[in-house]
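Just so you know, the protein sequences line up as chains A and B, in that order. Position 400 of the first sequence, counting from 1, maps to 491 under this note's numbering, and the rest follow consecutively. Position 22 of the second sequence, counting from 1, maps to 442 under this note's numbering, and the rest follow consecutively. Glycine included, every Cβ here is placed at the ideal spot set by N, Cα and C. First up is the structure itself, then whatever we jot down about it.
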Amino acid sequence: MNFLSIFVIIPLLTLFALYFARNRKQINLIAATGATLLLILSGVLTYLYLNERAMGNDSLMLFRADMLWYAPFNIYYSVGVDGVSVAMLILTSIIMFTGVFASWRIDPLPKEFFLWFFLLSSGVYGFFITIDLFSMFMFYEIALIPMYLLIGIWGTGRKEYSAMKLTLMLMGGSALLLLSILGIYYFSGGDTMNLLEIAQRHIPIEAQRYLFPLTFMGFGVLGALFPFHTWSPDGHASAPTAVSMLHAGVLMKLGGYGAFRVAIYLMPEAAHEQAWIFLILTGISVIYGAFSAVVQTDLKYINAYSSVSHCGLVLFAILMLNETAMTGAVMQMLSHGLMTALFFALIGMIYGRTHTRLITEMGGLMKIIPFLGVSYVIAGLASLGLPGLSGFVAEMTIFVGAFQESGTLQRILTIVAVTSIVITAVYILRVVGKILFGKVQNPQHETLSDATWWERTSVVTLIIAIVALGSLPLWISDMIQNSIMPIVGKLMAAL
Amino acid sequence: MNYSVFLQLHDELSLLVVMVILLTFDISVSIRRGRYIQPLAIVLLTIHTLLNAFPRDAFEVAGGMYQYFPMHTYVKTILNIGTIIVFLQANKWLNNKDSMIRRGEFYFITLSTLFGLYIMLSAGHFLLFFIGIEMASIPMATLVAFNKYQHKSAEAGAKFILSTVFASGISLYGISMIYGTTGTLYFDDLLPLIVGGPMQIMSFVFFAVGLFFKISLVPFHLWTPDVYEGAPTPVTAYLSVVSKGAAAFVLFTLFTRVFGNLIDEWQSILYGLIIISITLANVFAIRQQNIKRFMAFSSISQAGYLMLGVISASTTGMSSLVYYVLVYLFSNLAIFGVITIIENNTGKVAIKDYNGLYQTNPKLSAIMMFALFSLAGIPPFAGFFSKFFIFAAAAEQGFYVLVFIALLNTIISLYYYLLIVKAMFLRKSDEPIERITSDIPARISLVICLLAIVFAGLLSAVYQQIAAYSFI
Chain A
92 MNFLSIFVII PLLTLFALYF ARNRKQINLI AATGATLLLI LSGVLTYLYL
142 NERAMGNDSL MLFRADMLWY APFNIYYSVG VDGVSVAMLI LTSIIMFTGV
192 FASWRIDPLP KEFFLWFFLL SSGVYGFFIT IDLFSMFMFY EIALIPMYLL
242 IGIWGTGRKE YSAMKLTLML MGGSALLLLS ILGIYYFSGG DTMNLLEIAQ
292 RHIPIEAQRY LFPLTFMGFG VLGALFPFHT WSPDGHASAP TAVSMLHAGV
342 LMKLGGYGAF RVAIYLMPEA AHEQAWIFLI LTGISVIYGA FSAVVQTDLK
392 YINAYSSVSH CGLVLFAILM LNETAMTGAV MQMLSHGLMT ALFFALIGMI
442 YGRTHTRLIT EMGGLMKIIP FLGVSYVIAG LASLGLPGLS GFVAEMTIFV
492 GAFQESGTLQ RILTIVAVTS IVITAVYILR VVGKILFGKV QNPQHETLSD
542 ATWWERTSVV TLIIAIVALG SLPLWISDMI QNSIMPIVGK LMAAL
Chain B
421 MNYSVFLQLH DELSLLVVMV ILLTFDISVS IRRGRYIQPL AIVLLTIHTL
471 LNAFPRDAFE VAGGMYQYFP MHTYVKTILN IGTIIVFLQA NKWLNNKDSM
521 IRRGEFYFIT LSTLFGLYIM LSAGHFLLFF IGIEMASIPM ATLVAFNKYQ
571 HKSAEAGAKF ILSTVFASGI SLYGISMIYG TTGTLYFDDL LPLIVGGPMQ
621 IMSFVFFAVG LFFKISLVPF HLWTPDVYEG APTPVTAYLS VVSKGAAAFV
671 LFTLFTRVFG NLIDEWQSIL YGLIIISITL ANVFAIRQQN IKRFMAFSSI
721 SQAGYLMLGV ISASTTGMSS LVYYVLVYLF SNLAIFGVIT IIENNTGKVA
771 IKDYNGLYQT NPKLSAIMMF ALFSLAGIPP FAGFFSKFFI FAAAAEQGFY
821 VLVFIALLNT IISLYYYLLI VKAMFLRKSD EPIERITSDI PARISLVICL
871 LAIVFAGLLS AVYQQIAAYS FI
């Protein structure tokens, strides 16, 4: 029994326990216990990981274990983590933890909600710990399908439409992935599905030319790559709070993580050849997302488009194919995961009180619900990149890395992407000014109550994480950078 | 001639014994006592399945007329399991006023078709093969028309018998042309003799059309929706998994063994058929209002996926095909089990009747949803694994474009499977289906299906057992 597998087992045990829960109190208790255990576990993992690295263990993946599963296709259940996976696991645990508290009063059917919620999380954890293509893909799909019911049953607005659109588009992406996995498997010799072993082989460049775009687009759909991002605004706007948090916070990171772990790592030659195409697309994502956020009036849509922009930045940085930018990309995944989760949590809490998400119908909330108001400002400042908060560290690293690339296209796109920071400031400050300050728009809002203890737990945890990442970034960025080096080394060798 | 060689046909003999016992029982007891035939049939068939579940060494009887390969044991076991599940689900329907006096016949006729499928599977000669296929088809028509006082069932029976006889005729015509060009009908002798040439390709086309009809590939599918809709639901279930599964396997063995030299020709024929089958069936499924017609189109498109295993013509193809049949059987039977239970208790078969089912019958809707996910290929259900393997088998032979088209179609199929999930879970209904207490045998069948859907994929032993005996 491997240590890492506990990450998948805890959600499954939680599922099992939830099945027998009788009332809301028990359900909440079980869900909170499961999420807390996961949070503790990821803390322990980080400690062990750093400890192991400090002892001088410099193998690519730590805590490796293999279990033969399907011999005819050389499928193993293989686990292992490097710095990037550890960072992603921490992020997932934090968001799971806060997500559970943010849905403390979910209605209707709380039991089913948490059942699907934890099933989804087991898929996410499984994806981050496995290094076998088949197992990764399986967990990836497990993480996608619960979304349909989570949005369809507990969502708001045009939920049936959004749920269907999101599911079909993401499954379309995974269809591309399935094809590329089969291609990678057979073109790399057809005798291993293990990422690390395939990385030692050479996939013929002719095959790479087809497989790389398939893989990158497949993961790109989830990472909100430009023409395939349209599920994201509708999906996030319709989803219930905790699901928006988990989806924008963690699931979209599956796209970035996969793009870099599978597409770039296994097919470096094609990555060099075709990076420019996708750079342009991600550049469009960054700018288009930001501009779209400016004109939206629904809080969730604003944040969803802002996610498109920020997640576009992740893919953008990955495609710069150098160490600094990639480190920045992973930092951006963490930072964006935390702050977007905070945004969605706060929007959910505000919506629960005001019953509107339109910024035109709100105003002066700071005086009425100061805790939520202040938290919203903090989230906004993190999003527009205030030094000391997480967004600054991430974007700074990305743009420094991006500017190291001397190609004309890279230069132009970097300059274009940098402008998104300004646009971000526009839409963040506009929202903050409109809904938090000024006159109270609706007299009924005067009597709103401030955050409850479970809401405070959720929000405070996220703010602590954002501040911690922003003020003490080095230990985690070193951990990430060390793990990115072998991948970049492979990219350099392919030149 | 030494007749003792026939004693080697364990499967067929023990099935015959079961049939004879059931028939004797049925004609010798009163109608009131007749209800005991139901547990008797299930128990006997279970014993028969267990006795014959272990592969033996390959052998031939009557100079190659009958050929046994260890793989046949697995295929026949899969068919047996499917039949047992159908029997469990048919229990309540058979106790209706209309069908009560004929319930003994149901078991006997169903087992006769199963016997025909056995013969068809193990035939080593076209004549025996044809006898098998006819033994499976003609009793099937009586099953389809079993609710003979219901207009739709009788009509479906007539449609089925007419089209099946027509298809058999065409098939037979192809066989006669094969005999005309080669002078033999033994499979083993035919392989070197069928080498191409217009006449032989024509003969192949005629022959294959009969089989394509059986597994209802587009454009030979037109009978499927009407028959599926009109037939009693357990019969539809049987038709959609057992007879289709057997036909798909036979298609594989015949194409690779007898027509092995025409591989380029039949691969290109199948290539086109797979694409139009999957795509057209998917498009039509979206528009269906009746859940049985819906399942008909779903099964046509699943047949297209099955053919991905055939087109790869490799051992991986065979094992993934058989595994796909196994998983498909459990998933489809779970769905039909739920449909049967609901139809028996309320008579409702329209998709819109399923609105809000989760509110009143959470367990039934959950099982239905898992089975639909399995059909759509969503992990952790077994359908994900079977789809992956069959795609892998096709990709192994370089059919990447075909796999890509099939994959795009899984998205469409996911869409219409989700329509059912949406009806059950998301929609509210003014007059939902009331709370149903299902009968015990049907419940057992659903539990079996559910366990299989969950564990047939996660436990790799199932696939590896099948893969161990795959041949080409």
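Which residues DSSP lists as bridging residue i, in chain order
i, result
"T587 of chain A", "Here chain A comprises residues numbered 92 to 586, so residue 587 of chain A is not present and cannot be evaluated."
"D149 of chain A", "DSSP, once it has assigned bridges, lists no residue as partnering D149 of chain A."
"A770 of chain B", "B:N710"
"H545 of chain B", "B:Y606"
"A156 of chain A", "A:V170"
"V481 of chain B", "B:Y486"
"Y140 of chain A", "None, per the DSSP bridge assignment."
"I389 of chain A", "Here residue 389 of chain A is Asp; the residue named in the question, Ile, does not match the sequence. DSSP lists A:L449 as partners of D389 of chain A."
"N285 of chain A", "A:D223"
"Y161 of chain A", "A:I166"
With 16 other Cβ atoms within 10 Å as the buried cut-off, status of residue i
i, result
"M158 of chain A", "exposed"
"F479 of chain B", "exposed"
"H401 of chain A", "buried"
"Y252 of chain A", "exposed"
"E851 of chain B", "exposed"
"K250 of chain A", "buried"
"K517 of chain B", "exposed"
"N148 of chain A", "exposed"
"W245 of chain A", "buried"
"F564 of chain B", "The residue you asked about is not Phe; residue 564 of chain B is Val in the sequence shown. Classification of V564 of chain B: buried, given that the 10 Å Cβ count is 16 or more."
"I521 of chain B", "exposed"
"P459 of chain B", "exposed"
"D198 of chain A", "exposed"
"H571 of chain B", "exposed"
"P295 of chain A", "exposed"
"W160 of chain A", "buried"
"P612 of chain B", "exposed"
"P639 of chain B", "exposed"
"T505 of chain A", "buried"
"S540 of chain A", "exposed"
Nearest-angstrom Cβ-Cβ length linking residue i and residue j, presumed shorter than 8 Å
i, j, result
"L95 of chain A", "S133 of chain A", "About 11 Å; that fails the 8 Å criterion."
"S896 of chain B", "A723 of chain B", "Chain B is shown only over 421 to 892; residue 896 of chain B falls outside these bounds and no answer can be derived."
"N533 of chain A", "E452 of chain A", "6 Å"
"F192 of chain A", "T548 of chain A", "5 Å"
"A843 of chain B", "N775 of chain B", "5 Å"
"G439 of chain A", "L527 of chain A", "About 16 Å; that fails the 8 Å criterion."
"S574 of chain A", "G174 of chain A", "3 Å"
"V730 of chain B", "F808 of chain B", "Wrong, their Cβ atoms sit about 17 Å apart, outside the cutoff."
"Y392 of chain A", "P324 of chain A", "5 Å"
"M358 of chain A", "Q291 of chain A", "With 8 Å as the limit, M358 of chain A and Q291 of chain A do not qualify as a contact, their Cβ atoms being about 14 Å apart."
"F407 of chain A", "A350 of chain A", "That pair is no contact at about 11 Å."
"N681 of chain B", "V615 of chain B", "5 Å"
"M411 of chain A", "G492 of chain A", "6 Å"
Short CB-CB distance (under 8 Å) between residue i and chain D
i, result
"A705 of chain B", "Protein chains A and B are contained in the structure displayed, whereas chain D is not."
* To do: Decide if the region 147 to 167 of chain A is in contact with the region 180 to 200 of chain A; the criterion is three or more beta carbon pairs, one per stretch, under 8 Å apart.
  => no
* To do: Would you check if there are 3 or more beta carbon pairs closer than 8 Å linking the region 331 to 340 of chain A to the region 205 to 215 of chain A?
  => yes
* Counting only runs of 4+ residues fully inside the region 656 to 696 of chain B, write out the alpha helix (DSSP H) ranges in chain order. => 664 to 677
* **Stretch pair the region 199 to 207 of chain A + the region 110 to 123 of chain A: three plus CB contacts closer than 8 Å** => yes
* Sequence ranges, alpha helix (DSSP H) only - wholly within the region 621 to 660 of chain B, length at least 4 -> 643 to 650 and 653 to 658
* At least three beta-carbon pairs within less than 8 Å, the region 526 to 534 of chain B to the region 583 to 602 of chain B -> no
* Where in the region 807 to 867 of chain B do unbroken runs of the alpha helix (DSSP H), each at least 4 residues long, occur, reported from the N-terminal end onward? -> 820 to 841
* Asked: Touching or not, the region 575 to 590 of chain B and the region 646 to 653 of chain B, by the rule of three or more beta carbon pairs under 8 Å?
  -> yes
* Output the residue ranges of the beta strand (DSSP E) runs that lie fully inside the region 495 to 533 of chain A and measure 3 residues or longer, sorted by chain position. => none
* Curious, which full-length alpha helix (DSSP H) runs of at least 4 residues does the region 169 to 204 of chain A contain? -> 174 to 193
* Go through the region 491 to 577 of chain B residue by residue and report every complete run of the alpha helix (DSSP H) that reaches 4 residues or more, in order. => 523 to 542 and 546 to 564
* Asked: For the region 618 to 626 of chain B against the region 538 to 548 of chain B, are there 3 or more C-beta pairs whose distance is under 8 Å?
  -> no
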